[in-house]
Amino acid sequence: MSRKGTTPLSDVLAKLGDKGWYPVVFCLCICVLNSTVAFNHLIMASFGFTPPHSCKLPDGYTKNASIPMEMIKGKESYSQCKIYQDFNSTSGSTEGCPNGWNFILNGKESTIVNEWSLVCDQKYLVSLATTIYFTGVMIGGAVFGQLGDKFGRKPITLICLYSHIALAVGVYFSQSFEVFAALRFFVGFFLQGVQTNSYVLMAEMTSKKNLVLTVGFFEIFWAVGTLWLATLSWLIQDWRNIQLALCLPSLITLIYIWLFPESVLWLINKNKMEEAKENLMKISRITGKKLTAEDLDLIKPKVNESIQYSFHHLVKTPNIRKRTFLMCYLWLASSVGYYGLSLAVGGLAGDRYLNQFIGSVIELVAFSSVIFVLKYFRRRYPLMAYYITGGVTCIVAGVLKSQASKDGFRAATYLALIGKFGLSASFATIFLFTVEQFPTVVRTLGMGTCVFWARVGGMIAPQILLLGKYTFNELPYLIFGSLSLLAAMATYFLPETFGKTLPNTIDEIEGITVEENGTELRDRDHIET
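If you're matching positions, the sequence shown starts at -14 in the numbering used here and goes up one per residue.
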């Protein structure tokens, strides 16, 4: 007999060990994968940084006489993209830089911008590279979410991990922007398969008691990944060597990741009972916690395997449809704001390496606090608070940037970092919230669909930043803030999931009980309004 609010499988997982070394090691080893996702998603903040530059002048010509002045970040500076057509004549018309550019680099610093001259009329290519990458991530989320539900969490994770590593090493050898962008597309495509399936595998193999803590550590390792990126960017500074160094954590995971079991919950729902019981017995032998035949007999398949689930099932019935639409918007809003602020670090006041490091520490604090908040203070209202914090600070930061003063830029930087706290915490929260909103039969598909819209946000974010360069600097922050405030409103209409067992079928979401004779009974107390 299972305890109230639990399932037989959650009882078995708890019996195998809510405490002890196995759940800790399992969680940490899966979490390392999230670090690899983090620095790959945010790597363009380092690779795409635009160093100070100016037109290259022929020998004997000076800046004072040959380059016009213009306002850059609130102060008058030499133009970075124009030169007088008639050298040494400050009254003539201007043109682009016919002789290329001089980049001001610190020692061994090198980015794709100075290597391939992605400035002036080519500067849109930096944002385009990020958009191309997140296009791959977006497609990967949709493809591998469905494949994970069909073929299993573990095999899809392994295939995507091996493919991602090979492609990531290939990026190091890129000799042109076109090759770099193409390889980054496929890195994103396979990397999203790693994140989606490994996350669901971890969540489904965790007891109810440890779920919040496990998900919290998954997000903490995201912050660890951003710290790793910030540290390597400062120490190495050359983009190719940074790329190679960031492959090391992925290579380490190859040593052990194939040893982990397939999701028992997935096996049960696929009616692969013998394999499910075998996996549980393996864990039992590893942990030294004995399972009885009675424990295993309590585990029964609850899913009609004749049903082939697809996106259609996410929008077919009213309650699951509402959850799908609202959760997709939350992922979109969180992604636009989070990646927008992360990629804008080079344009903030102060040292970019320091800002990147401080931003990573803020994420670590945000993710750590989320563990405590989600464990004791539910889901919806904290999530709304995070969105409001991110929304208000982004809007105020945008207003301050419009003042075009040194103090205004500095204050906007502080507020942007506070905004990143709110949006980082919102991201950590919706990961768990999404797992709890979707039933097992479409959980990876639901997660993949939400990730799809998050990656739409990742595609849009760099273009919003680029739009700010062509219009006015405060526009991106106003957009980020507005989307976050709307997300706070959307969160209010989602059901609270705190303390509830993970749903198994869509019928449970809709409040339908199916009798053994096939009769459907609706439980109106569980139907959402």
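Glycine included, each C-beta is placed from N, C-alpha and C at the ideal position. Remember, predicted model here, so these are calculated numbers, not experimental data.
Does the Cβ-Cβ distance between residue 208 and residue 199 come in under 9 angstroms?
-> The Cβ atoms of residue 208 and residue 199 do not sit closer than 9 angstroms to each other.
Cα-Cα separation, residue 342 to residue 284 = Going from the Cα of residue 342 to the Cα of residue 284 covers about 47 angstroms.
Is the distance from the Cβ of residue 149 to the Cβ of residue 122 below 9 angstroms?
-> no
Buried versus exposed call for residue 26 [16 or more other C-beta atoms within 10 Å across all chains shown] = buried
Could you check what DSSP says for residue 68 in three-state terms: helix, strand or coil?
-> strand
Counting only the same chain and skipping the five closest in sequence on each side, list residues whose C-beta sits under 7 angstroms from that of residue 227.
-> 31, 217, 218 and 221
Under 6 angstroms Cβ to Cβ from residue 302, same chain only, skipping five residues before and after it: list those, please.
-> 495
Beta-carbon contacts of residue 379 that lie in its chain and below 6 angstroms, excluding the five residues immediately before and after | 404, 462, 465 and 466
At least 3 beta-carbon pairs within less than 8 angstroms: the segment 407 to 417 vs the segment 82 to 97 = no
Between residue 358 and residue 194, what straight-line distance do the alpha-carbon atoms span, to the nearest angstrom?
-> A straight-line Cα-Cα distance of about 15 angstroms links residue 358 and residue 194.
To the nearest angstrom, how far is it from the Cα of residue 482 to the Cα of residue 104?
-> 48 angstroms
When the Cα of residue 114 is compared with those of 43, 52, 91 and 28, which residue comes out closest?
-> 28
With residue 309 and residue 299 assumed to form a contact (beta carbons below 8 angstroms), what rounded beta-carbon distance in angstroms separates them?
-> 4 angstroms
Going straight from the alpha carbon of residue 338 to that of residue 128, what length do you get?
-> 35 angstroms
Count the other CB atoms, across all protein chains shown, that sit within 10 Å of the CB of residue 477; report buried if there are 16 or more and exposed otherwise.
-> exposed
Just grab the DSSP bridge partners of residue 223 for me.
-> 95
Taking Cβ positions, are residue 401 and residue 446 nearer each other than 9 angstroms?
-> no
Hey, quick one: how far does the beta strand (DSSP E) through residue 88 stretch, first residue to last?
-> 86 to 88
The alpha helix (DSSP H) with residue 39 in it runs from where to where?
-> That residue, residue 39, is in no alpha helix (DSSP H); its beta strand (DSSP E) goes 38 to 40.
Report all residues from its chain with a CB closer than 7 angstroms to the CB of residue 313; omit the five preceding and five following residues, and keep chain order.
-> 434, 435 and 438
Are residue 475 and residue 311 close, meaning C-beta to C-beta below 9 angstroms?
-> In this structure, residue 475 lies near residue 311, with their beta-carbon atoms less than 9 angstroms apart.
In or out: residue -3 buried (at least 16 other Cβ within 10 Å) or exposed?
-> buried
Sub-9 angstroms separation of residue 9 and residue 238 beta-carbons = no
Considering only residues of the same chain and omitting the five flanking positions on each side of residue 215, which have a CB-CB separation below 6 angstroms?
-> If we look at residue 215 and ignore the five residues flanking it on each side, its Cβ neighbours are 341, 342 and 345.
Going straight from the alpha carbon of residue 353 to that of residue 324, what length do you get?
-> 20 angstroms
What's the call for residue 336, buried or exposed, on a 16-neighbour Cβ count within 10 Å?
-> exposed
Near residue 468, which residues of its chain fall below 7 angstroms by C-beta distance, leaving aside the five closest residues on each side in sequence?
-> These residues qualify, in order along the chain: 318, 321 and 322.
Near residue 87, what residues of its chain come up, given a Cβ to Cβ distance below 6 angstroms and the 5 sequence neighbours on each side ignored?
-> 39 and 41
Return the chain-ordered list of same chain residues with a C-beta closer than 6 angstroms to the C-beta of residue 376, the five sequence neighbours on each side being excluded.
-> 466, 469 and 470
Using DSSP bridges, identify the partner residues of residue 54.
-> 63
Please classify residue 50: is it buried, with 16 or more other beta-carbons within 10 angstroms of its beta-carbon, or exposed?
-> exposed
Enclosing alpha helix (DSSP H) for residue 114 [first to last residue] | 109 to 136
Between the Cα of residue 125 and the Cα atoms of 79, 181 and 253, which residue gives the shortest distance?
-> 181
Return the residue from the list 119, 69, 21 and 53 that minimises the CA-CA distance to residue 441.
-> 119
Return the bridge partner residues of residue 80 from the DSSP annotation.
-> 68
Determine the extent of the alpha helix (DSSP H) in which residue 280 is found, giving its start and end residues.
-> Per DSSP, residue 280 belongs to the alpha helix (DSSP H) from 278 to 282.
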